[in-house]
Amino acid sequence: MTRKQRRLILIGSSLGVLGIAAALVLSALRDSIVFFNSPTDIVEKKPAAGTRMRVGGLVKPGTLVRGDNLQIRFDVTDGNKDIAVRYQGIVPDLFREGQGVVTEGKLDGSGIFVADTVLAKHDEKYMPREVVDALKKTGRWQEGEDAGSKPK
Amino acid sequence: MIPELGHYALVLALALGLIQSIVPLIGALSRDAALMRLGTSTAVMQFAFVSAAFAALTVCYVTSDFSVVNVFENSHSMMPLIYKFTSVWGNHEGSMLLWVLILALFGAMVALFGNNLPETLKANVLAVQSWIACAFYLFILLTSNPFLRLAQAPVEGRDLNPILQDIGLAIHPPLLYLGYVGFSIAFSFAIAALIEGRIDAAWARWVRPWTLAAWMCLTVGIAMGSYWAYYELGWGGFWFWDPVENASLMPWLAGTALLHSAVVMEKRNALKIWTLLLAILAFSLSLIGTFLVRSGVLTSVHTFASDPARGVFILAILVFFIGGGLTLFAWRAPMLKQGGLFAPVSREGALVFNNLFLTTACLTVFVGTLYPLALEAFTNEKISVGAPFFNLTFAPLFIPLLFAMPFGPLLAWKRGDVLGVAQRLMAAFAAGLVAIMVTFVVMGMSSALAPLGIGLALYVMTGALVDLAERTNLFRAPLSTVRMRAAGLPRSTWGTAVAHFGIAVTLFGIVCQTWASERIVALKPTQVVTLADYDLTFDGMTQHSGPNFRELAAKFTVRSGGVVIGTMEPSKRSFASRNSSTTEAALLTRGVSQLYLSLGDTNEDGSIAIRLYHKPMVLLIWLGSLVMMFGGGLSLSDRRLRIGAPKPATKSSSLQPAE
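First to last, the protein sequences are chains A and B.
To convert, take the position in the first sequence, counting from 1, and add 254; that gives our numbering.
To convert, note that position 509 of the second sequence is 490 in our numbering; the numbers rise steadily by one, no gaps.
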């Protein structure tokens, strides 16, 4: 084999592997990514029931109801529109009314969002960035609100 | 006074760094030995000054000097002493200081132990290393100064983020940084080689120990982070494909590829240009990781505070080093001489196969991590790319890699014989097949893929042993001969086998999580919950108070087959200073399997929500990484690489410091 043939084999197999990887990535990007929506997005765009997505905002005060068997219901709000969320399981430590939350799951037929994952912030400074953006859109977010850590 | 001294030491380190960035380069150009040697002393002095700065910050933390903003925001006088030390790097400014400390440490080590390097190469390497250091000194001094003072010292600090008050934080970041920053040496060597326009097999031999050391630290650093997330975040998972985790995985993949291609370069003088490129890429990915984590582009537990100025600064560093490195590569690499020839089926071929799959896997992680950011920047759509994406892309690329792994070490250099190797691997194939069948019989058909994974793990483990058996003539020669041959094997051969074995151990642990089971229930005292073979009785709640928190603990008695085997006490801690709480999971280890119990909310009727997992073989995931590190260590201790060790002081140097 000449140097040229060897190089061709090398380049050919590299392109082959890269091609396979590209195909895998493209198909995975089509099937396995999850879009983020604010409650306003959902009310306006009305995505089909059963589509997997993330919904984020604040847990609306006064809407948190705990049921049997670790069932909970609460409304997520971005200050403009609300969406009802149902979840069964243990919520994170810092999940409480009035705090930022991101939930992942599907809309059921009646417009209730059935979440299988609830993410809250890690500490009092942290607010999920998606939630900040959703709140900014509705004007409920004041710049510098999270910068309370710097003493004057 | 002490913070000002620390600040001043850092400024001095910058000044030294600037000198070291230029003078040795000029020395190398003009062949002036004195100028070149200057780099050696400045590198050591830089390390001394950065250590002083780091020590100053540590003193501020240990003495709880709340007049320093950084200490005020991240410490508390009641915090246990160990966390006062670890909180030095439990925040943005301090962790960047740790970063430059390690950078300076590596620079000083090259300066001290690199006596056998050609003078010009050493001078250039130290200069490039100093460019990186200067960029980060400037970053700290201009945007993230840890020594800023408050006009009036508060009486009490704000405490460290409670989930960071953990022993895992003591080990994980320094190890991870040793890995990230260790690749800077490979980068500096690559840039120095490009500047000189000359590269040979000896270059690979000089770079390999540094890369190996960095890789070992990164391996265990990632594993430690994974274990910390497992027990501290309360979700029971060991890997979330979180962008921050991916940021550490990418340099690991590139670094692993670099280790392997450097072998080809050293032994066969081939793949030179590719190895240079990998050296640049591995450190570039470390920088990208730092950018992702530190800039606030991503929000996670690692994002201590986000400040756009910092993001822009790190982005500038990133563009300068990655762009500059790649441009220099594109310009100079074609001038380097081509290396030796080899057939596609050969040890070299196998290592190329390894590199191809590792870099492609790295690329898919890169796409999965950065695609959401790019999409948001261009279309404003927000998406999340999670585990399903990586299971569909990363896993299919790793399977052929693992399958080919036992073949590599058994193939001959230049021209190998696949069929011959396959014959020698018969034992490994058999072990894999038996493992698949046994798993199917014992665990049932519930998962079709998992038994194949177990088979693959057993095949790779046996393959690593076959490699050793073949080389020592085990079962064919008398035992005394075997022992002699085993003693005569290079340490790097042992290292390869052990590290490959370690990968299989980790794989085994990961696959076993298919059979993990989980229960989420609400329990009242005296009630029993059953999972796998274990019965847990809820005995009741107790209150404790720790140094800076109050703790509500639930006590459980664990029985297996009616016999008490232990108690578990998961708890919730509330930290008044930060108005936040953490969930402390309880772990009960049985062999290498674990029971995992964490608490949820207390309900009005007095019951408490619990999350209970049974995780079979879970410890193997992290033990595998220790085995890998041990393999790396064996390889590092190979005689061949010890040329970097300091020589006895026989050479008299022309520059002796006056006493």
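From the three backbone atoms N, C-alpha and C, an ideal C-beta is built for every residue, glycine too.
Keep in mind the model is a prediction, meaning the values are calculated, not measured.
query	result
Do A/Thr357 and A/Val330 have their C-beta atoms closer together than 8 Å?	yes
Curious, which full-length beta strand (DSSP E) runs of at least 3 residues does the region 522 to 556 of chain B contain?	531 to 541, 544 to 549, 552 to 556
Taking only three categories from DSSP, how would you classify B/His642?	Only positions -18 to 640 of chain B appear in this structure, which leaves residue 642 of chain B out of reach.
In this structure, does DSSP put A/Gly289 in helix, strand or coil?	Reading the sequence as shown, one finds Phe at residue 289 of chain A and not Gly. Strand, per DSSP.
What residues in its chain sit with their C-beta under 7 Å from that of B/Leu84, if we drop five residues either side in the sequence?	Ile113, Ala114, Phe117, Val162, Ser165
Beta-carbon separation of B/Met246 and B/Thr256 under 8 Å?	yes
For B/Ala37 and B/Gly(-13), which I take to be in contact (beta-carbon distance under 8 Å), what is that distance rounded to the nearest angstrom?	3 Å
Terminal residues of the continuous beta strand (DSSP E) containing B/Arg464?	Taken as a continuous stretch (DSSP letters only), B/Arg464 belongs to no beta strand (DSSP E), being part of the alpha helix (DSSP H) at 460 to 469.
To which residues does DSSP link A/Asp329 through a beta bridge?	A/Ala338
Verify the CB distance criterion: does B/Asn97 have a CB-CB separation below 8 Å to chain A?	no
May I ask you to list the residues that DSSP assigns as paired with A/Gly359?	A/Met307, A/Ala369
Closer than 9 Å by beta-carbon distance: list the chain A residues that pair up with B/Leu352, in chain order.	Sequence inspection shows Tyr at residue 352 of chain B; the Leu mentioned does not correspond to that position. Within chain A, the residues near B/Tyr352 are Val279, Leu283, Ile287.
Which residues bound the alpha helix (DSSP H) around B/Ala342?	328 to 360
Check whether chain B comes within 8 Å of A/Val330, counting only Cβ atoms and requiring the distance to be less than that.	no
For B/Phe301, which residues in chain A fall below 8 Å Cβ to Cβ?	Ordered by position in chain A, no residue passes the 8 Å Cβ test against B/Phe301, which lies about 27 Å from the chain.
If we cut at 8 Å on Cβ distances, does A/Pro405 have a partner in chain B?	Because A/Pro405 sits at a pLDDT of 30, beneath the cut-off of 50, its placement in the model cannot be relied upon, and the point is left open.
So, with DSSP's three-state summary, where would you put B/Leu504?	strand
Considering only residues of the same chain and omitting the five flanking positions on each side of A/Ile326, which have a CB-CB separation below 8 Å?	Leu318, Val319, Arg320, Arg340, Tyr341, Gln342, Val345
Express the C-alpha separation of B/Val348 and B/Ala355 in angstroms, rounding to a whole number.	10 Å
Give the range of the alpha helix (DSSP H) segment to which B/Gly401 is assigned.	399 to 405
Tell me whether the beta-carbon of B/Phe682 lies closer than 8 Å to the beta-carbon of B/Ala134.	Here chain B comprises residues numbered -18 to 640, so residue 682 of chain B is not present and cannot be evaluated.
Using alpha carbons as the reference points, say which of B/Gly521, B/Ala29, B/Ile172 lies closest to B/Leu262.	B/Ile172
Using the beta-carbon count (16 or more within 10 Å), is A/Lys379 buried or exposed?	In this predicted model, A/Lys379 has a pLDDT of only 47, less than 50, meaning its place in the structure is not dependable enough to derive any value.
Less than 8 Å separating the beta-carbons of B/Ser616 and B/Met598?	no
Quick one: is A/Gly273 near chain B, going by C-beta distance under 8 Å?	no
Would you tell me roughly how many angstroms separate the C-alpha atoms of B/Leu578 and B/Arg540, rounded to the nearest one?	14 Å
In chain order, what residues of the same chain lie with their CB nearer than 6 Å to the CB of B/Gly702, ignoring the 5 residues before and after it?	Lying before the first or after the last residue shown, residue 702 of chain B is absent from chain B, which here runs from -18 to 640.
Measure the C-alpha to C-alpha separation of B/Ile484 and B/Phe388 and round it to an integer number of angstroms.	15 Å
Among the candidates B/Ser76, B/Asp147, B/Pro99, whose CA atom is the shortest distance from the CA of B/Phe120?	B/Ser76
Looking only at its chain, what residues have a beta carbon closer than 7 Å to the beta carbon of B/Ile(-17), apart from the 5 residues adjacent to it on each side?	Ala37, Val40, Cys41
Under a CB-based cut-off of 8 Å, is B/Pro(-16) close to chain A?	no
With burial defined as no fewer than 16 other Cβ atoms inside 10 Å of the residue's Cβ, what is the status of B/Ile63: buried or exposed?	exposed
What is the rounded straight-line gap between the Cα of B/Leu(-5) and the Cα of B/Tyr515?	59 Å
List the residues of chain A that B/Val348 touches, going by C-beta distances under 7 Å, in chain order.	Val279
Among residues of its own chain, excluding the 5 on either side of B/Arg12, which ones have a beta-carbon nearer than 6 Å to its beta-carbon?	none
Can the beta-carbon of B/Trp196 be found closer than 8 Å to that of B/Gly149?	no
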